[in-house]
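Chains R and D are the protein sequences, given in the same order.
In terms of the working numbering, the first sequence opens at residue 2 and continues consecutively.
In terms of the working numbering, the second sequence opens at residue 2 and continues consecutively.
Number of protein chains: 2
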Amino acid sequence: MTTLQNDLLLRTIKGEQTDRFPVWLMRQAGRILPEYRAVRASLSGFKELVETPELAAEVTIQPVDILGVDAAIIFSDILVIPDAMGLPYQMIKGKGPWFENTIQSKEDVQRVTEKIDVADKLSYVFEAIKITKKELNGRVPLIGFCGAPWTIFCYMTEGEGSKTFSKARRMLYQDPELSHELLHQITEVTIEYLRHQIAAGADLVQVFDSWSGVLGPDQYSEFGMKYVRRICDAINDVPVTVFAKGAYYAREELAGLNCQTIGLDWNMDVAESRKLIGPDKTLQGNLDPCVLYADFKTIEQKTKNMLNSFGNQRHIANLGHGVYPDTDPEKVKCFIETVKEFAKN
Amino acid sequence: MTTLQNDLLLRTIKGEQTDRFPVWLMRQAGRILPEYRAVRASLSGFKELVETPELAAEVTIQPVDILGVDAAIIFSDILVIPDAMGLPYQMIKGKGPWFENTIQSKEDVQRVTEKIDVADKLSYVFEAIKITKKELNGRVPLIGFCGAPWTIFCYMTEGEGSKTFSKARRMLYQDPELSHELLHQITEVTIEYLRHQIAAGADLVQVFDSWSGVLGPDQYSEFGMKYVRRICDAINDVPVTVFAKGAYYAREELAGLNCQTIGLDWNMDVAESRKLIGPDKTLQGNLDPCVLYADFKTIEQKTKNMLNSFGNQRHIANLGHGVYPDTDPEKVKCFIETVKEFAKN
């Protein structure tokens, strides 16, 4: 085991006093960097990059070298899980993910609930983590991740992105039992997936519930939170972060999860969130990613306002959503530098 | 003036005690009805229907005849405003609205801030309202509507639907002054538009802020609420309903608006919303539209739960979002009948 040279993130998660806030960005490994686009241009598509461990490792490390973030997050996609379960996806330019086959019936669910060999099917992710860890050589911690079961369920039933995910939500009302069966199976595969990521070297993991916000409070509790809780209960050897975008109504319930960090989106008022979640979790977020379209002075000011709103409490600086692909890397650096220079009071 | 035979909606808005809750559905005039699809099939497209007053009136009245709702809402689109301001839209099948030209610069804003003749440009809407009023002959009140300035700004700058409206939000950070100039102009045209709708016969009006949820609390207050407030302050002769979808964080501020009714989306907890908004507004909503995909028994049960959650208070039964186009009309009738038969306690 290599000792971490920069363990600011992990110490913040534990609630230790630190001199400054750690900082990283969701989607930091990606289209914002010209160096990423150069790697990507040499390939047939997004999926080839995800499935080629050496290149996935390369783009994972780019933001550490170029932007100076306090953590790397493995370059991958939440949709590798449905893919491994037998529903391959394509990334269509200007449109997003698209699945040729979706889950509509009991037979469809049975087809994807057959036991799969996660170690084999997703070996490219674990290999990418191993290479990344070796090349990072202890500079910063490496974050592994997965989609939350509800979010994966959305794509498996809807087959593509949607503003309302009404087909996915329809299934919850039309066949709650079948929905639970599918969510259960996604959860089992996801837990195994995270365990392999940790075995390969992930220092912490984040669960992305990107579409929690399309469910009302009762349904999120029944079909969303329930399975996030199972994941949190199953992963005990590294810290877990839960980011349930849009689930503002669930903040008190999130506080009860067996996880260390809760992500906030840019709509969530920080003081109110801290009050609802209590003092025992580290909070992560939540600058509006669109702030990075502003001039440098505005970015500095809004970043400082955001840091002040968290006060001297357990906080990982981040955006409240993934960084948008057309953001100028110099603006991203400005955000990172502002966090690094911010004197905790 | 014809006397209204069914004034349940207007009495509920005034806070009078009534025997039952009034009920209507957002998007009730539309694709859910085979009778609508028959009218639509004879035309070149959605826009032709919007712009042909006799047909717009016909599809406006269909849900009153067929579904038995307590109000009609004029068949139109919020995008008639950018269209009148010089940015024509197209409705693209399977995709939604699309604008050939969008607002990106000061010059673009100047082009759309030239004075337009609202009475002439949008005469087709006012004509449709007049015909509808005549044909309704006082059976139920007629609702006029508009998009909130922020939501219209979203389409004018982004040029199409989006999950994040990051281009629209980018402009707020890059040029707040220009953004306010555009929002101001949209607001002026919208107020004139609503006044003409009221003169033509609209008994009340609803402001749809469909994309308030992409803004954080501070930005919504500055760029969203500010202009909704102006509209509310300008319209005094008929009741006004404000539906700010996703703006959960703004409920207390919404309570201060000079309007009578606040719409709730299906994510908003009813008891909490009533507490935040106080007793002086009528609340409208908020059944999850996906409930109408369930079986009849579940629809009845969930509708009753929703009505119970509002208690014996000022409440207009509706969905928490527009009815989804593939909903079975028999399921919609079940929702409506359940509301009508519900004994207020």
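Built from N, CA and C at the ideal position, the CB exists for glycine as well.
Given that residue i touches chain R, what residues does it touch there, using C-beta distances under 7 Å?
| i | result |
| --- | --- |
| D:GLN175 | TYR294 and ALA295 |
| D:MET171 | Here the sequence assigns Arg to residue 171 of chain D, which means Met is not the residue at that position. In chain order: CYS291 and TYR294. |
| D:TYR90 | Residues of chain R passing the Cβ test: none, with the nearest at roughly 17 Å. |
Report the CB separation of residue i from residue j in whole angstroms; it is logged as a contact under 8 Å.
| i | j | result |
| --- | --- | --- |
| R:PHE384 | R:CYS335 | Because chain R is modelled from 2 through 346, residue 384 of chain R falls outside the range shown and cannot be assessed. |
| D:PRO326 | D:GLY31 | 7 Å |
| D:ASP204 | D:PHE244 | That pair is no contact at about 17 Å. |
| D:PRO143 | D:ILE75 | First, the amino acid is wrong: residue 143 of chain D is Leu here, not Pro. About 6 Å separates the two Cβ atoms, so the contact holds. |
| R:LEU179 | R:VAL292 | Going by Cβ atoms, the distance from R:LEU179 to R:VAL292 rounds to 42 Å, so no, they are not a contact pair. |
| D:ASP20 | D:LYS345 | 7 Å |
| D:ALA42 | D:THR133 | That belief does not hold up - the Cβ atoms of D:ALA42 and D:THR133 are roughly 21 Å apart, past 8 Å. |
| D:GLY264 | D:GLN285 | 5 Å |
| R:THR283 | R:ILE317 | 6 Å |
| D:GLN261 | D:ILE14 | 5 Å |
| R:LYS135 | R:ALA201 | Not confirmed; about 11 Å, so no contact. |
Measuring alpha carbon to alpha carbon, tell me which of the options ends up nearest residue i.
| i | options | result |
| --- | --- | --- |
| R:SER124 | R:GLY148, R:GLU52, R:THR61 and R:ILE79 | R:GLU52 |
| D:ARG28 | D:ASN7, D:GLU301, D:THR339 and D:GLY321 | D:GLY321 |
| D:ASP266 | D:GLY279, D:ALA248 and D:THR114 | D:ALA248 |
| D:LEU5 | D:VAL190, D:LEU137 and D:ILE236 | D:LEU137 |
| D:LYS246 | R:TYR156, R:THR165 and R:GLY323 | R:THR165 |
| R:ARG230 | R:LEU293, R:PRO150 and R:GLY286 | R:PRO150 |
| D:GLU101 | D:ASP109, D:LYS107 and D:GLN91 | D:GLN91 |
| R:ALA235 | R:LYS282, R:VAL206, R:GLU108 and R:MET269 | R:VAL206 |
| R:ASP118 | R:LEU143, R:VAL110 and R:TYR194 | R:TYR194 |
| R:ARG252 | R:VAL239, R:GLY279 and R:CYS233 | R:GLY279 |
| D:ILE104 | D:ALA73, D:PRO83 and D:LYS122 | D:PRO83 |
| D:ALA85 | D:VAL126, D:LEU68 and D:SER45 | D:VAL126 |
| R:ARG12 | R:VAL340, R:VAL333 and R:GLN314 | R:GLN314 |
| D:ALA72 | D:GLN220, D:LEU26 and D:GLY225 | D:LEU26 |
| D:ARG171 | R:GLY69, R:THR191 and R:PRO290 | R:PRO290 |
| D:ASP219 | R:ARG196, R:SER274, R:ALA39 and R:ASN268 | R:ASN268 |
| D:LEU216 | R:GLU59, R:LEU288 and R:THR191 | R:LEU288 |
| D:GLN175 | D:LYS107, D:ASP238 and D:LEU80 | D:LYS107 |
| D:GLU49 | D:VAL70, D:PHE22, D:PRO23 and D:ASP78 | D:ASP78 |
| D:SER163 | D:GLU273, D:ASP238 and D:PRO98 | D:PRO98 |
| R:VAL24 | R:LYS282, R:THR328 and R:VAL141 | R:VAL141 |
| D:THR114 | D:GLY87, D:ALA39 and D:THR299 | D:GLY87 |
| R:THR242 | R:LYS116, R:ASN259, R:ARG112 and R:TYR250 | R:ASN259 |
| R:CYS233 | R:HIS197, R:ARG275, R:LYS276 and R:THR188 | R:THR188 |
| D:VAL324 | D:ILE317, D:ALA318 and D:VAL333 | D:VAL333 |
| R:GLU342 | R:PRO330, R:THR304 and R:THR328 | R:THR304 |
| D:VAL56 | D:PRO89, D:GLU128, D:LYS168 and D:TYR228 | Correcting the residue type first, residue 56 of chain D is Leu in the shown sequence and not Val. Selected option, being the one with the closest Cα: D:GLU128. |
| R:CYS147 | R:TYR221, R:VAL81, R:LYS116 and R:GLY139 | R:VAL81 |
| D:ARG196 | D:TYR37, D:TYR221, D:PRO240 and D:VAL70 | D:PRO240 |
| R:ALA39 | R:VAL340, R:VAL60 and R:GLY139 | R:VAL60 |
| R:ARG208 | R:TYR250, R:SER45, R:ASN306 and R:LEU255 | For the sequence presented, residue 208 of chain R should be read as Val rather than Arg. For the residues R:TYR250, R:SER45, R:ASN306 and R:LEU255, the minimum Cα distance to R:VAL208 belongs to R:LEU255. |
| R:VAL340 | R:MET226, R:THR328 and R:LEU308 | R:LEU308 |
| R:ILE192 | R:TRP212, R:PRO330 and R:ASN237 | R:ASN237 |
Strictly below 8 Å CB to CB, what residues from chain D border residue i?
| i | result |
| --- | --- |
| R:LYS164 | GLY162 and LYS164 |
| R:SER106 | By Cβ distance, chain D contributes nothing, its closest Cβ being about 15 Å from R:SER106, past 8 Å. |
| R:TYR156 | The contacting residues do not exist; R:TYR156 stays about 14 Å from chain D at best. |
| R:TYR325 | THR165 and SER167 |
For a contact meaning CB atoms closer than 9 Å, what does residue i contact in chain R?
| i | result |
| --- | --- |
| D:ARG230 | What D:ARG230 touches in chain R: nothing, since even the nearest Cβ is about 20 Å away. |
| D:SER45 | What D:SER45 touches in chain R: nothing, since even the nearest Cβ is about 26 Å away. |
What in chain D is Cβ-close to residue i, meaning under 7 Å?
| i | result |
| --- | --- |
| R:TYR249 | TYR249 |
| R:THR299 | TYR174 |
| R:GLY217 | TRP267, ASN268 and ASP289 |
Just the chain D side, please: which residues come within less than 9 Å of residue i by C-beta, in chain order?
| i | result |
| --- | --- |
| R:SER222 | The premise fails here: R:SER222 is roughly 12 Å from chain D at the closest Cβ pair, so nothing lies under 9 Å. |
Given 8 Å as the limit, tell me if residue i has its C-beta closer than that to any heavy atom belonging to the ligand SAM.
| i | result |
| --- | --- |
| D:ILE67 | No copy of the ligand SAM occurs in the structure displayed, which carries no ligand at all. |
For a contact meaning CB atoms closer than 8 Å, what does residue i contact in chain R?
| i | result |
| --- | --- |
| D:SER310 | Residues of chain R passing the Cβ test: none, with the nearest at roughly 11 Å. |
Using beta carbons (cut-off 9 Å, strictly below), is residue i in contact with chain B?
| i | result |
| --- | --- |
| D:GLY214 | Chain labels in this structure do not include chain B; the protein chains are R and D. |
Fill in: Contact the region 31 to 48 of chain D vs the region 58 to 67 of chain D: 3+ CB pairs below 8 Å
yes
inquiry  = If contact is defined by three or more beta carbon pairs under 8 Å, each pair taking one atom from either stretch, is the region 149 to 168 of chain D in contact with the region 181 to 199 of chain D?
reply    = yes
Identify every run of the beta strand (DSSP E) within the region 88 to 169 of chain D, keeping only runs that are complete inside it and at least 3 residues long; order them along the chain. 90 to 93, 97 to 100 and 143 to 148
### Message
Which complete beta strand (DSSP E) runs does the region 300 to 340 of chain R hold, if anything under 3 residues is left out?
### Response
316 to 320
Inset, instruction - Run through the region 206 to 258 of chain R for me and flag every whole beta strand (DSSP E) of 3 or more residues, listed as ranges in chain order. - result: 241 to 245
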